[in-house]
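Worksheet: the structure to be examined is printed underneath.
Numbering (this note's numbering), first residue to last: 80 to 352.
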C-alpha cells in the first residue's frame, strides 16, 4: 500500500489519482488512434469523450451515495468525502452509457463503431484504476488466512481514509481485477483486429467484464457495495448490487451480440448487391 506517491512541501500527489489519470490518458490516446484509423471526426470524438468522462464521474459518485444511502443518512457529514472518493465503476459506466446513447443519436454517429473503439480503452483504463485501488487500500478483499497470495495492509493513513483492515491477510482483489482487466484489454485488441461485424468488440467487453466482476465480488471484503440479499457474513450465498448489475450485463451483452451479428449480416448482404 502506498497511498501518497509524491509529497514535496504542500504538493501532494495521491497514487490513486495519478494511476487513474494515467489510465484515462492512455485510454483517450488509444481511442484517438483507433478513431483516426476508421476516419471518425476527431473533434466530435473529443467532445464525446469529455462529456462521457464528466458524467461518468458524476454517476460513479451518485451510485456510491445511493447504494450506501442508509450510512450517509446516519452520518450526513460524510457526504463531503464523496468529492474526493473515486466512486463506483458501475455507476460511472451506467451514467456514461446513457449519455453516450443520447450524444450518438443527436450527432448521428455509429454507436457500434464508437463502442468498438471505446471498449479496449475502457479495459486499459480500468486496469490502471484497480492498481490505484491497491495503492490506496480501497476495494479490499475478505480475510484470507490460508491464501498464499494474500496481502496485508499496514498504512494507518489509508486505514483512516478507506477503512481497510490492517495487519490481516486479505485476498488481493484489486490486483486480481487489475490482471483480469489487462487480460480483457489484450483480448479485445485482438478481437478488434479480427472482428466479423461492427459492435462485436463493445458487446464482448460488456460480457467479459460482467463475468470478471461477478467472480471477483465473491472475494471482496468491503461492505459499501450494497446487497440484494445476504451480506458479508455469507459471501458465497449472497448477491451484491454489482453482481446483480453483472447478471444484467451478461444478458445485455448476449442480446447485443445476437442483434449486432444480424445487423452485420444484413449490411454485408446489402453491400454485395
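In this text, a Cβ means the ideal position worked out from N, Cα and C, and glycines have one as well. Owing to the predicted nature of the structure, the values given are computational and were not obtained by experimental measurement.
Item                                                                                                                              : Value
Meets three-Cβ-pair contact criterion under 8 Å: the region 208-227 and the region 251-261                                        : yes
Inter-stretch contact at 8 Å, needing at least 3 Cβ pairs: the region 282-292 / the region 325-338                                : yes
Rounded distance between the beta-carbons of residue 264 and residue 202, thought under 8 Å                                       : 4 Å
Residue 119, DSSP secondary structure in three states                                                                             : coil
Classification of residue 322 by the beta-carbon crowding that lies within 10 angstroms, buried from 16 upward                    : buried
Terminal residues of the alpha helix (DSSP H) in which residue 91 lies                                                            : Unbroken run through residue 91 is the beta strand (DSSP E), 90-93; no alpha helix (DSSP H).
Inter-stretch contact (C-beta, 8 Å, three-pair minimum) for the region 264-284 and the region 209-228                             : no
Per-residue burial, residue 338 [other beta carbons within 10 Å of its own, 16 or more giving buried]                             : exposed
Three or more C-beta pairs below 8 Å linking the region 172-184 and the region 127-141                                            : yes
Under 9 Å between C-beta atoms of residue 190 and residue 179                                                                     : yes
Extent of the continuous beta strand (DSSP E) run through residue 276                                                             : Premise fails: residue 276 is in no beta strand (DSSP E) and is neither H nor E.
Secondary structure, alpha helix (DSSP H): runs of 4+ residues fully inside the region 207-269                                    : 235-241
Where the beta strand (DSSP E) containing residue 84 begins and where it ends                                                     : 83-87
Residue 188 in three-state terms, based on DSSP                                                                                   : coil
8 Å CB neighbourhood of residue 340 in its chain, flanking five on each side removed                                              : 275, 276 and 279
Residue 252 beta carbon less than 9 Å from that of residue 300                                                                    : yes
Straight-line gap, residue 320 to residue 116 (C-alpha atoms, nearest Å)                                                          : 38 Å
Cβ neighbour criterion (16 or more within 10 Å) applied to residue 224                                                            : exposed
Euclidean distance between Cα positions of residue 125 and residue 110                                                            : 10 Å
6 Å CB neighbourhood of residue 192 in its chain, flanking five on each side removed                                              : 277
Chain-order list of residues whose beta-carbon lies under 6 Å from that of residue 120 (same chain, five-residue window excluded) : none
Straight-line gap, residue 269 to residue 199 (C-alpha atoms, nearest Å)                                                          : 10 Å
Backbone CA spacing between residue 226 and residue 127 [nearest angstrom]                                                        : 44 Å
Beta-carbon proximity check, residue 186 vs residue 272, cutoff 9 Å                                                               : no
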